[in-house]
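Undergrad: I have a structure here, written as structure tokens, and I will follow up with some questions on it.
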């Protein structure tokens, strides 16, 4: 069975897109790859955790701290906290993939390693933040914590698949009679989940911003701009909320691109998606059964060379498309697919 067909089946079944990849190590040993590691559960069992959150198996640490959430002043709002935790699941995997494949970032960039420490443990994240803060912090211990966090991410990332699959919803425009193709418009946020599953928890869910490029009837993806979501932790005494800002933006850049004048990315060669072509009769039938013309685009990509500094607070991670599958959002029918 082709990879495109596998992705199509996963999307149609409402399965996390990363479910076809190996499980992350257990929370008891986040970097262990021994044969005694707990076996992975079925894709269906991974779809929802006991508290109702959709989960992914790859590029989301299994031992992430459930006490980390996003929101302000909503400690008693269980539903708001649940949605905020789901947003962590929507946004963390692509950030971790980007940081793990950033060839320039070091321990010197403190915010990202404090952020990473916090999503693994609120207690350790708060302690590391305090160690690095102000005149009374323990800088020596804080620096050791930064080195440990970076080392831990590198070791854990080495146990994960090199590639990652992200998906986003989109809408098709008016059918072009001359070319027989539909244009792709209104790209939504990209996550490692099926878009419908992410929207099921919060219709305004966060994720990576998708920038598309059009050239005639062809459509490509310039980049994914990962979320700046800042998780928060409540202090042990419940009197303070610690917010962990990454203080930088990671971009996942497709095609051939370099840093241009003023920090703008200069795209020399773009990564185009397969055109969605139909006959007049097929196009009319599609528009009738799917009047909103909703589709889902799943892309699988891996690292492609060294990263570069887009600007002082933005890092560009090169990525190469390996496969793209576009499906009907209503019934999962494959409308177009391409292997690169």
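Numbering (the working numbering), first residue to last: 500 to 839.
Backbone N, C-alpha and C define an ideal beta-carbon position, used for all residues, glycine too.
#1: Give every residue of the same chain whose Cβ lies closer than 6 Å to the Cβ of residue 752, excluding the five residues on either side of it in the sequence, and list them in chain order.
#2: Which whole-angstrom value is the C-beta distance of residue 806 and residue 762, which I expect to be below 8 Å?
#3: In its own chain, which residues sit with a C-beta less than 6 Å from the C-beta of residue 710, not counting the 5 before and 5 after it?
#4: Please tell me whether residue 619 and residue 564 are closer than 8 Å, where the distance is taken between their beta carbons.
#5: Please identify the residue among 803, 808, 832, 798 whose C-alpha is closest to the C-alpha of residue 785.
#6: Give the single residue among 694, 746, 783 whose Cα lies nearest to the Cα of residue 798.
#7: Roughly how many angstroms separate the alpha carbons of residue 819 and residue 739, rounded to a whole number?
#8: Is the distance from the Cβ of residue 671 to the Cβ of residue 719 below 8 Å?
#9: According to DSSP, residue 732 sits in a beta bridge with which residue or residues?
#10: Tell me whether the region 590-608 and the region 725-732 touch, counting them as touching only if at least three CB pairs, one residue from each stretch, are closer than 8 Å.
#11: Can the beta-carbon of residue 580 be found less than 8 Å from the beta-carbon of residue 681?
#12: Tell me residue 766's beta-bridge partners as DSSP assigns them.
#13: Apart from the five residues on each side of it in sequence, which residues of its chain come closer than 6 Å, Cβ to Cβ, to residue 757?
#14: Counting along the chain, where does the beta strand (DSSP E) carrying residue 586 start and finish?
#15: So who's on the other strand from residue 675, going by DSSP bridges?
#16: For the region 602-612 and the region 729-747, state whether three or more C-beta atom pairs, one from each stretch, are separated by less than 8 Å.
TA: So, to answer that:
#1: Along the chain shown, one-based indexing puts residue 752 at 253. If we look at residue 752 and ignore the five residues flanking it on each side, its Cβ neighbours are 722, 815, 817.
#2: Residue numbering aside, residue 806 sits at position 307 when the chain shown is read from its first letter. Residue numbering aside, residue 762 sits at position 263 when the chain shown is read from its first letter. Not a contact, Cβ separation roughly 14 Å.
#3: Along the chain shown, one-based indexing puts residue 710 at 211. Once the five neighbours on either side are set aside, the close Cβ partners of residue 710 are 721, 722.
#4: Within the chain shown, numbered from 1, the residue matching residue 619 stands at position 120. Within the chain shown, numbered from 1, the residue matching residue 564 stands at position 65. Against a cut-off of 8 Å, the Cβ pair of residue 564 and residue 619 comes out as a contact.
#5: What you label residue 785 is simply residue 286 of the chain shown in a count that begins at 1. Here the closest residue by C-alpha is 832.
#6: Counting from 1 along the chain shown, the entry for residue 798 is found at position 299. Selected option, being the one with the closest Cα: 694.
#7: Here residue 819 is taken as the residue at index 320 of the chain shown, counted from 1. Here residue 739 is taken as the residue at index 240 of the chain shown, counted from 1. Answer to the nearest angstrom: the Cα atoms are 43 Å apart.
#8: The residue you call residue 671 lines up with position 172 of the chain shown. The residue you call residue 719 lines up with position 220 of the chain shown. Not closer than 8 Å, so no.
#9: Walking along the chain shown from the start, residue 732 turns up at place 233. 741, per the DSSP bridge assignment.
#10: yes
#11: Residue numbering aside, residue 580 sits at position 81 when the chain shown is read from its first letter. Residue numbering aside, residue 681 sits at position 182 when the chain shown is read from its first letter. The answer is no: Cβ separation not under 8 Å.
#12: In the chain shown, counting from the first residue as 1, residue 766 sits at position 267. 756, per the DSSP bridge assignment.
#13: As a first step, residue 757 is located in the chain shown; it is residue number 258 there, counting from the start. Same-chain partners within the cutoff: 765.
#14: For this step, residue 586 is matched to residue 87 along the chain shown. No beta strand (DSSP E) contains residue 586, which is instead part of the alpha helix (DSSP H) from 577-599.
#15: Taking the chain shown and counting its residues from 1, one reaches residue 675 at position 176. 680.
#16: yes
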